Amino acid sequence: MSKEKQRREALVYHAKPQPGKIKIVPTKPYSTQRDLALAYSPGVAEPCLEIAKNKDNAYKYTSKGNLVAIISNGTAVLGLGNIGPEASKPVMEGKGLLFKIFADIDGIDIEVDTEDVDKFIETVKMIAPTFGGINLEDIKAPEAFEIERRLKEELDIPVMHDDQHGTAIISAAALLNALEIAEKKIEEVRIVISGAGAAAVSCTKLYKAFGAKAENIVMLDSKGVIRKDAENLSAAKKEFATDRKIDTLDEAMVDADVFIGLSIANIVSPEMLKSMAPNPIVFAMANPDPEIAYDLAIDTRKDIIMATGRSDHPNQVNNVLGFPFIFRGALDVRATAINEAMKMAAVKALAELTKQPVPEQVNIAYGETRLTFGREYIIPKPFDQRLIHEVPPAVAKAAMDSGVAKAPISDWDKYKEELMLRSGNDNKVVRLLHGRARSNAKKIVFAEADHLDVLKAAQIVHEEGIAEPILLGRKDIILELKKELEFDADIAIIDPMSDEFDERHVRYATKYWESRKRSGVTFYSAKIKMRERNYFGAMMVLEGDADGMVSGYSRAYPTVVKPILEVIGRASGVKKVATVNIMITERGPLFLADTSINIEPNAEELADIAKMTANVASTFGFDPVLAMLSYANFGSSTHPNATKVREAVRILHETAPNLVVDGEIQTDFALNKELHESKFPFSKLAGRKVNTLIFPNLESSNITYKLLKELNGADSIGPIMVGLRKAVHIMQLGASVDEIVNMAAVAVIDAQEREKRKKAKGSK
Numbered sequence: 001m002s003k004e005k006q007r008r009e010a011l012v013y014h015a016k017p018q019p020g021k022i023k024i025v026p027t028k029p030y031s032t033q034r035d036l037a038l039a040y041s042p043g044v045a046e047p048c049l050e051i052a053k054n055k056d057n058a059y060k061y062t063s064k065g066n067l068v069a070i071i072s073n074g075t076a077v078l079g080l081g082n083i084g085p086e087a088s089k090p091v092m093e094g095k096g097l098l099f100k101i102f103a104d105i106d107g108i109d110i111e112v113d114t115e116d117v118d119k120f121i122e123t124v125k126m127i128a129p130t131f132g133g134i135n136l137e138d139i140k141a142p143e144a145f146e147i148e149r150r151l152k153e154e155l156d157i158p159v160m161h162d163d164q165h166g167t168a169i170i171s172a173a174a175l176l177n178a179l180e181i182a183e184k185k186i187e188e189v190r191i192v193i194s195g196a197g198a199a200a201v202s203c204t205k206l207y208k209a210f211g212a213k214a215e216n217i218v219m220l221d222s223k224g225v226i227r228k229d230a231e232n233l234s235a236a237k238k239e240f241a242t243d244r245k246i247d248t249l250d251e252a253m254v255d256a257d258v259f260i261g262l263s264i265a266n267i268v269s270p271e272m273l274k275s276m277a278p279n280p281i282v283f284a285m286a287n288p289d290p291e292i293a294y295d296l297a298i299d300t301r302k303d304i305i306m307a308t309g310r311s312d313h314p315n316q317v318n319n320v321l322g323f324p325f326i327f328r329g330a331l332d333v334r335a336t337a338i339n340e341a342m343k344m345a346a347v348k349a350l351a352e353l354t355k356q357p358v359p360e361q362v363n364i365a366y367g368e369t370r371l372t373f374g375r376e377y378i379i380p381k382p383f384d385q386r387l388i389h390e391v392p393p394a395v396a397k398a399a400m401d402s403g404v405a406k407a408p409i410s411d412w413d414k415y416k417e418e419l420m421l422r423s424g425n426d427n428k429v430v431r432l433l434h435g436r437a438r439s440n441a442k443k444i445v446f447a448e449a450d451h452l453d454v455l456k457a458a459q460i461v462h463e464e465g466i467a468e469p470i471l472l473g474r475k476d477i478i479l480e481l482k483k484e485l486e487f488d489a490d491i492a493i494i495d496p497m498s499d500e501f502d503e504r505h506v507r508y509a510t511k512y513w514e515s516r517k518r519s520g521v522t523f524y525s526a527k528i529k530m531r532e533r534n535y536f537g538a539m540m541v542l543e544g545d546a547d548g549m550v551s552g553y554s555r556a557y558p559t560v561v562k563p564i565l566e567v568i569g570r571a572s573g574v575k576k577v578a579t580v581n582i583m584i585t586e587r588g589p590l591f592l593a594d595t596s597i598n599i600e601p602n603a604e605e606l607a608d609i610a611k612m613t614a615n616v617a618s619t620f621g622f623d624p625v626l627a628m629l630s631y632a633n634f635g636s637s638t639h640p641n642a643t644k645v646r647e648a649v650r651i652l653h654e655t656a657p658n659l660v661v662d663g664e665i666q667t668d669f670a671l672n673k674e675l676h677e678s679k680f681p682f683s684k685l686a687g688r689k690v691n692t693l694i695f696p697n698l699e700s701s702n703i704t705y706k707l708l709k710e711l712n713g714a715d716s717i718g719p720i721m722v723g724l725r726k727a728v729h730i731m732q733l734g735a736s737v738d739e740i741v742n743m744a745a746v747a748v749i750d751a752q753e754r755e756k757r758k759k760a761k762g763s764k
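Per the UniProt record's numbering, the sequence shown starts with residue 1, numbered consecutively.
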């Protein structure tokens, strides 16, 4: 993607459909006059009076305890420098977004129009009663040190300057693990720090807290090595000045064990790397381009342990691993500060988490076969769902042990469960979907590529490396739309109506006629059908000219599904093809079936649908917990509509004993774990979180998933076709660009799974 195109897309992303990235939503009912009387006058007076008696009641009656202020004056924004408070707002809103999706913290961005330290501090102090914590951001050094120090001294809520401490915490965890792999001790290693800003100073202090020796550290600023005999050193630089008689980075790197880069791109040469000690540890964290390119570094030293700030290489030092979870733990015990003990606890928790077996979801999300502790995995991945229940408890315990917690936690198991529930509403599934597809991209036919939204989706799929698109439709229209979208990649375009593809028409028609000649299909009619895009595209997949296909954007579902079923057909042993929708809800992903195909399945068919849906959940890295839904609970009705579900459950218990499934059960009992366990403790679902719902008929499932989508704003991935011979999927009429992209990723993953099964079968 060109820089100009990326620029335009970034601007559109921030401007549409409404400006900005965050908004405020009510957390209480507001539909009736009674609700409003409680929310405001006269009811609001009661919590006001309680807080007047005791200020700590603000945590009980308001959102203060989950509210963090993200405050900047815009003097050191990313790599853009001093661009002012207004220009810093998109970054601060982005930070609020990260707080929410990773730790369910409500972040409010506040941009302060002053570079005067005293005025800035006074402003923050005056607004501090509103918040449970203060996250300082993008404030230039040395003012940042003074601002944080004084606010920590003068406020009784957690304050952290993430630019300083975030990088320090994450890199310290990575360093401890890297040293373990290199079989070196932190007390003995020689460390070079390139950079003398807020992050560099904080990193160095934290490394010293873990045992690094001052005499083994060399720090450099833009002028070279910071030496004790230099004149006019600031207090911060004096602390890290060396008495070694060296001046340059080249000299400092000789026999160094560790390089920490927090400076500028491309200042480390291969020769410098070669001069380092065996098993060198290099953290080149300048963004967007590191101090030495990752590929160049690992080509230069095979024994190197390398980390960067980039997501496209192993070992990304990313602040999002720290600040959401550190504030989460601090808020949950109402800590009065974020102290050294809490930061060190976060470091240890991150380092230890890296050594634990990695969940399959994480492997899938990052396209890895198996992430294991080692040179290319020294720090957890940002989308590791374990972070939320490992780091905050460690921080909370440290706050309690160090005496800054005003609301200690006693039931740690309950607390961890609450933390896991907080992580439900984000796009981890979508991230997993795209990451898995990128790991082994496949050829996917876009059967309606002469529609703007479909072509836009194909462009995204191509640029993101999710799939290799094949565009079906009128070539002149596709070329015109490609020009409009600046989609200049060389992508295959096929017009099934064109005589240019007569050879394929004949080949595909012959194959189709041979399979359907006893079903009333003539060879002539077969050739006619091959000029229709859905027949042609399906035959491409069947014949191996493509790996998968998506269609359905411009035509009603039944119109599209007919040629797919005729050409592709059911997989061996499958009696009924079905569909599954993944709904991204507040409680996490829900797998719903059958949403589009089978109008009134019988008990045997319901059991088959349940098994296929469970396979879909497993493919996406989730352990399926299935509820077979009905209007009745466990035999409370003898009506055939209920008894068929009961019979399906019996079949499943008999034929798939390891599958966690039960019913018949009503939806509320299925989704409310406490209610279910209290009324039906005998159920296989008791005490479990249901993530898969099997509906008794098409009517109920289709209505439900569309209600969830329209009323609750739940994103939908699907309908995912299950039971076909090949990876073909039909989207809903008028699907959005994002939905089409997701369906393409589903088709890629489907094709990947089929390829795996084929290889496994061939190896036996």
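Glycine included, C-beta positions come from ideal geometry on N, C-alpha and C. Every value quoted in this text rests on a predicted model; they were computed, and no experiment measured them.
Between the CA atoms of A252 and E448 - distance to the nearest angstrom
For the purposes of this step, residue 448 is taken as the residue at position 448 of the sequence shown. For the purposes of this step, residue 252 is taken as the residue at position 252 of the sequence shown. Note on geometry: alpha-carbon atoms of E448 and A252 lie some 60 Å from one another.
What span of residues does the alpha helix (DSSP H) with I22 cover, start to end?
As a position in the sequence shown, residue 22 is number 22, starting the count at 1. Per DSSP, I22 belongs to no alpha helix (DSSP H) and is neither H nor E.
For N712, report the span of its beta strand (DSSP E) as first-last.
In the sequence shown, counting from the first residue as 1, residue 712 sits at position 712. Unbroken run through N712: none, as it is neither H nor E.
Thinking T613 and I597 are a contact (beta carbons under 8 Å), I'd like their distance in whole angstroms, please.
Taking the sequence shown and counting its residues from 1, the one referred to as residue 613 is at position 613. Taking the sequence shown and counting its residues from 1, the one referred to as residue 597 is at position 597. Their Cβ separation, rounded to whole angstroms, is 12 Å, which puts T613 and I597 out of contact at 8 Å.
Out of H729, L371, P392 and S678, state which residue places its alpha-carbon closest to the alpha-carbon of P359.
In the sequence shown, residue 359 corresponds to position 359, counting from 1. The candidate whose alpha carbon is nearest that of P359 is L371.
Can you tell me which residues form a DSSP beta bridge with residue 827?
With the chain running from 1 to 764 in the structure shown, residue 827 is simply not present.
Would you check whether the ligand MN has a heavy atom nearer than 8 Å to the C-beta of I127?
Inclusion of the ligand MN in the displayed structure is not the case, the ligand content being empty and no account of it being possible.
From E664 to I105, what distance separates their C-alpha atoms?
The residue labelled residue 664 in the question sits at position 664 within the sequence shown. The residue labelled residue 105 in the question sits at position 105 within the sequence shown. When rounded, the distance between both Cα atoms is 38 Å.
What are the boundary residues of the alpha helix (DSSP H) that I181 is part of?
As a first step, residue 181 must be located in the sequence shown, where it is residue number 181. Where I181 is concerned, the enclosing alpha helix (DSSP H) stretches over D162 to A182.
Is it a yes or a no for the stretch 722-729 touching the stretch 415-423, going by three-plus beta-carbon pairs under 8 Å?
no
According to the Cβ coordinates, are E93 and D109 closer than 9 Å?
For the purposes of this step, residue 93 is identified with residue 93 of the sequence shown, where counting begins at 1. For the purposes of this step, residue 109 is identified with residue 109 of the sequence shown, where counting begins at 1. Closer than 9 Å, so yes.
Expressed to the nearest angstrom, what Euclidean distance is found between the alpha-carbon atoms of I326 and V395?
Locating residue 326 in the sequence shown gives position 326, where the first residue counts as 1. Locating residue 395 in the sequence shown gives position 395, where the first residue counts as 1. The alpha-carbon atoms of I326 and V395 are separated by roughly 6 Å.
Does DSSP classify R438 as helix, strand or coil?
The residue you call residue 438 lines up with position 438 of the sequence shown. Looking at R438 - three-state DSSP - the assignment turns out to be helix.
Is it the case that the stretch 287-300 contacts the stretch 258-273, given that we only count it when at least three CB pairs across the two stretches are under 8 Å?
yes
Beta carbon of A128, beta carbon of A209: below 9 Å?
If you number the sequence shown from 1, residue 128 lands on position 128. If you number the sequence shown from 1, residue 209 lands on position 209. Contact: no.
Where DSSP assigns a beta bridge to T619, which residues make up the other side?
Working through the sequence shown from its first residue, we reach residue 619 at position 619. Paired residues: none, contrary to the question.
Residue interval of the beta strand (DSSP E) (run including K443):
Walking along the sequence shown from the start, residue 443 turns up at place 443. Element bounds for K443: K443 to F446.
Which class does G74 belong to by DSSP, given the choice of helix, strand or coil?
Locating residue 74 in the sequence shown gives position 74, where the first residue counts as 1. Three-state result, G74: coil.
CA-CA distance, D539 and N177?
Counted from its first residue, the sequence shown places residue 539 at position 539. Counted from its first residue, the sequence shown places residue 177 at position 177. Note on identity: in this sequence residue 539 is Met, with Asp being the wrong assignment. Between M539 and N177, the C-alpha separation is close to 52 Å.
Count the other C-beta atoms from every protein chain shown that fall within 10 angstroms of the C-beta of L693, then say buried if there are 16 or more, exposed otherwise.
Your numbering for residue 693 matches position 693 in the sequence shown. By the 10 Å Cβ count, L693 comes out buried.
Three-state secondary structure (DSSP) of Y61
Residue numbering aside, residue 61 sits at position 61 when the sequence shown is read from its first letter. Note: Y61 maps to helix in three-state DSSP.
Just tell me which of F536, D499, S498 and M731 has its CA closest to the CA of T510.
Residue mapping note: residue 510 aligns to position 510 of the sequence shown, counting from 1. Closest by alpha carbon: F536.
Would A593 and A627 be called neighbours here (beta carbons separated by less than 9 Å)?
Mapped onto the sequence shown, residue 593 falls at position 593. Mapped onto the sequence shown, residue 627 falls at position 627. A593 places its beta carbon 9 Å or farther from that of A627.
Start-end ranges of the alpha helix (DSSP H) lying completely within the stretch 628-684, minimum 4 residues
640-655, 667-671 and 673-679
Determine, using beta-carbon pairs with one atom in the stretch 454-471 and one in the stretch 482-497, whether at least three such pairs fall under 8 Å.
yes
Could you work out which residue in R555, A492 and P563 is closest to A526 when comparing CA atoms only?
On the sequence shown, residue 526 is found 526 positions in, with the first residue counted as 1. Residue P563 is the option with its Cα nearest to A526.
Mind checking which residues open and close the beta strand (DSSP E) that includes D109?
Numbered from its first residue, the sequence shown carries residue 109 at position 109. Segment D106 to E111, the beta strand (DSSP E) holding D109.
Contact belief for V124 with L80 at Cβ below 8 Å, rounded distance in angstroms
Numbered from its first residue, the sequence shown carries residue 124 at position 124. Numbered from its first residue, the sequence shown carries residue 80 at position 80. Not confirmed; about 23 Å, so no contact.
Could you check if S701 is buried or exposed, using at least 16 other CB atoms within 10 Å of its CB as the buried criterion?
The sequence position of residue 701 within the sequence shown is 701, counting from 1. Buried.
Determine the DSSP secondary structure at F120, reduced to helix, strand or coil.
The count along the sequence shown starts at 1 and reaches residue 120 at position 120. In the structure shown, F120 sits in a helix (DSSP, three-state: H, G or I).
Can you tell me which of the three DSSP states H505 falls into?
In the sequence shown, residue 505 corresponds to position 505, counting from 1. Helix.
Do L433 and A745 have their C-beta atoms closer together than 9 Å?
Against the sequence shown, residue 433 aligns to sequence position 433. Against the sequence shown, residue 745 aligns to sequence position 745. For L433 and A745, yes; Cβs fall inside 9 Å.
Quick one: what's T308 bridged to in DSSP?
The count along the sequence shown starts at 1 and reaches residue 308 at position 308. Answer is A284 and Q316.
Thinking C-beta only, is M272 closer than 9 Å to D255?
Within the sequence shown, residue 255 is the residue found at index 255, counting from 1. Within the sequence shown, residue 272 is the residue found at index 272, counting from 1. It is not a contact, given that the beta carbons lie outside the stated cut-off.
If you reduce the DSSP assignment to three classes, tell me which class G133 lands in.
To locate residue 133, count along the sequence shown from 1; it is residue 133. If DSSP states are grouped into helix, strand and coil, G133 belongs with the strands.
Along the beta strand (DSSP E) that carries A727, what are the first and last residues, could you check?
Translated into the one-based positions of the sequence shown, residue 727 becomes position 727. That run of the beta strand (DSSP E) goes A727 to I730.
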